[in-house]
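Only one structure is covered here, and it is reproduced in the block below.
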Amino acid sequence: MPELPEVETVKKTILPLIQNKTIEKVDIFYDRLIQSNLEDFKKDIVNKKILNVQRYGKYLFFDLSEDFILIIHLRMEGKFSYNSNNKNTRISSTTLIFYFDDNTSLSFNDTRKFGLMYLTTKKDIHSLTMLQKLGVEANKVEEKDYEILFKKLKRKKPIKELLLDQSILCGIGNIYADETLYRSFINPLTKGNELTNEQLIEIFKNAKIVLDKAIKLGGSTVHSFSSNGIDGKFQNELLCYGKVGEPCPRCGTKFHKIFLGGRGTTFCPNCQINHSLQKAIGITGPIGSGKSTVLNYLKAKNYLIVSSDEIVHSLYEEPYIKNKVSKMFGFNFDILNSECRKKAKELMISSPLIKHKIEDYIYPLLEEKLLKIIAENEKVAIEVPLLFKAHFEYMFKKIIVLTLSKEKQLENLNIRGEKNINSSIKLNNDFDYKNNKNVFLIENNSSKEELFKKIDTILKN
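Position 421, counted from 1, in the sequence shown is what this note's numbering calls 421; the numbers after and before it change by one each time, with no gaps.
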């Protein structure tokens, strides 16, 4: 959806093309585009001169003669196309054409047909509900606006969702919300009422920086936006949005993507930590390092214990996921069939590309399950073999990383009756971890008693 900078670019592009031109005729090909009375619209729009084009938030306003105002919202994919002659230039997505008195025309093309137009007068415009709800423009927040914005933003909703609420800050959409939060070091899942006034002021300042720079560069040409065929350049300046899987320019951690309120949301799990989610203890390490032993020890201490492997196993049993994974493997995969599991393991060892595809598909599904468990419980211990590779570290207040010698690993795998030890080790040989204040490294080369003492020390910290 075009956001404030893109709509501003549209305004600047079409204003010199249509200013002081009179609308001689209008063709409407999709009646629902017109939100005011359709017959009045057809009658009143004719013979009106376009005096000016203005913008507020994501809305355009055509100032017309005789004190009429045409309100326009591009919504998802609305675009204007200026034509140097007034011949019928309709294409399949055209929902309306204005014909001017100088043999030129302006088409409104909208593939998804979500755009809207509303014709009103200067006298009545302030009574329109659609405009009364609009908040302050996100790049024009002043100190006098702080108190009212603090009240509106300090709610029990994720800050990303609040930034998209046009009744609070007008003009911010998905792209610029992600960019603003990244620059502010704030996780999109953080509740508004968990933020300090200083953090909110930082958001206001960064929103202005981002939006003003985007306006200067003509907006972001992502997905399907362009202004009369002219592409913006701000997409070359994006630091976060759409960068999932790429390294964060600040810390090198790969950008992570979640879905929040149905919107794809990109953030750096290392730079943008949601502290309210950091309730659980994470347990990770290579195969045979003792993760299950630690998990069961914490169960005895009244922790709810969760095995990521078991969750993934249950995901593979779901028909839709099973079908999706089967296509990736190239054969009918059944997690309950030992021969299928063996074949899948061998394929993932021999083909890193397939392994990567499977992980990229399963990680978000696993993440959704883990976030729900963490949100609903206060005392949780979760075993995640590839915790750092999946970029799940942001979920945990403490992460126990188990390491051990090669000899001890082989001994443990033999004791637990692991079949195909070499292939199991190969499949899990990309284990890695990152050192930070939440990571506690344990070398598990001695007895269980020694291991449990180390765990107790970590719990007391």
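For glycine and all other residues, C-beta sits at the position ideal for the given N, C-alpha and C.
What did DSSP end up calling Lys257 once you bin it into helix, strand or coil? strand
Ignore the nearest five residues each way along the sequence and tell me which others in Cys251's own chain have a CB closer than 6 Å to its CB. Asn270 and Cys271
Gln166 in three-state terms, based on DSSP: coil
What distance in whole Å lies between the Cβ atoms of Gly219 and Pro5, which are believed to be in contact at a cut-off of 8 Å? Separation of the CB atoms of Pro5 and Gly219 is rounded to 4 Å, and the pair is thereby assigned contact status at 8 Å.
So Ser307 is in the beta strand (DSSP E); what residue range does that whole segment cover? Leu304 to Ser307
Using the three-state DSSP reduction, which class does Pro158 fall into: helix, strand or coil? Pro158: strand per DSSP, three-state reduction.
How far does the beta strand (DSSP E) with Asn52 in it extend, from its first residue to its last? Counting along the chain, the beta strand (DSSP E) containing Asn52 begins and ends at Ile50 to Tyr56.
Measuring alpha carbon to alpha carbon, tell me which of Leu371, Pro364 and Lys406 ends up nearest Lys389. Pro364
Could you tell me the distance, in whole angstroms, from the CA atom of Lys406 to the CA atom of Gly290? Those two C-alpha atoms are separated by around 13 Å.
Tell me Lys191's beta-bridge partners as DSSP assigns them. Pro158
In the DSSP assignment, find the unbroken alpha helix (DSSP H) run with Lys11 in it and report its ends. Leu4 to Ile18
Curious, which full-length beta strand (DSSP E) runs of at least 3 residues does the region 272-354 contain? The region 272-354 is shown to contain whole beta strand (DSSP E) runs of 3 or more residues at 280-284 and 304-307, in chain order.
Give me, in chain order, the residues of the same chain whose beta-carbon lies closer than 6 Å to that of Phe225; leave out the 5 immediate sequence neighbours on both sides. Reliability fails at Phe225, whose pLDDT of 43 lies under 50, so the model's placement of it is uncertain and no value is given.
What are the uninterrupted segments assigned as alpha helix (DSSP H) that are 4 or more residues long and contained completely in the region 385-421, given in chain order? 406-415
Identify every residue that forms a DSSP beta bridge with Arg263. Leu260
Hey, how far is the Cα of Glu450 from the Cα of Glu317? 38 Å
Where Glu443 falls: helix, strand or coil (DSSP): strand
If we call anything under 9 Å between Cβ atoms a contact, is Glu401 one with Ile305? Sequence check: residue 401 is Val here, not Glu. Contact: no.
Are three or more beta carbon pairs between the region 45-52 and the region 126-134 nearer than 8 Å? no
In this structure, how does DSSP classify Glu378 when only helix, strand and coil are distinguished? coil
Is the region 272-283 touching the region 176-193, taking contact as three or more C-beta pairs under 8 Å? Yes, the region 272-283 touches the region 176-193.
Sort out for me which residues DSSP pairs Val46 with in a bridge. According to DSSP, which records beta bridges pairwise, Val46 is partnered with nothing at all.
So the candidates are Asn37, Lys279, Phe98 and Leu162; which of them puts its Cα closest to the Cα of Ile382? Lys279
Look at the alpha carbon of Phe470 and the alpha carbon of Lys342, and state the distance between them as a whole number of angstroms. This structure gives no information on residue 470, because the portion of the chain shown stretches from 1 to 461.
For Leu96, name the three-state secondary structure that DSSP assigns. In the structure shown, Leu96 falls within a strand segment according to DSSP collapsed to helix, strand and coil.
Ignoring anything shorter than 4 residues, give me the alpha helix (DSSP H) runs that lie fully in the region 106-147, in order along the chain. 129-132
For Ile168 versus Thr121, is the C-beta spacing smaller than 9 Å? no
Taking only the alpha-carbon atoms, compute the straight-line gap between Ile362 and Asn436 and give it to the nearest angstrom. 26 Å
Between Ile399 and Val294, how many whole angstroms is the CB-CB distance? I'm expecting something under 8 Å. With 8 Å as the limit, Ile399 and Val294 do not qualify as a contact, their Cβ atoms being about 12 Å apart.
For the structure I just gave you, are there three or more beta carbon pairs, one from the region 50-70 and one from the region 13-31, closer than 8 Å? The region 50-70 is in contact with the region 13-31.
When DSSP labels each residue in this structure, what does Ser226 get in the three-state scheme? Note that Ser226 scores 45 on pLDDT, short of 50, meaning its location in the model is unreliable and no value can be drawn from it.
Just to confirm the assignment, what range does the alpha helix (DSSP H) spanning Phe68 have? Careful: Phe68 lies outside any alpha helix (DSSP H), inside the beta strand (DSSP E) at Phe68 to His73.
Short check: CB of Arg75 to CB of Phe29, under 9 Å? no
If you drop the 5 nearest sequence neighbours on each side, which residues of the same chain put their C-beta closer than 7 Å to that of His223? Confidence at His223 is low in this model, with a pLDDT of 46, below 50, so the placement of that residue is unreliable and no value is reported for it.
Determine the direct distance from the alpha carbon of Phe452 to that of Ala300, and round the result to whole angstroms. 12 Å
Would you kindly work out how many angstroms separate the C-alpha atoms of Glu143 and Glu66, rounded to a whole number? 37 Å
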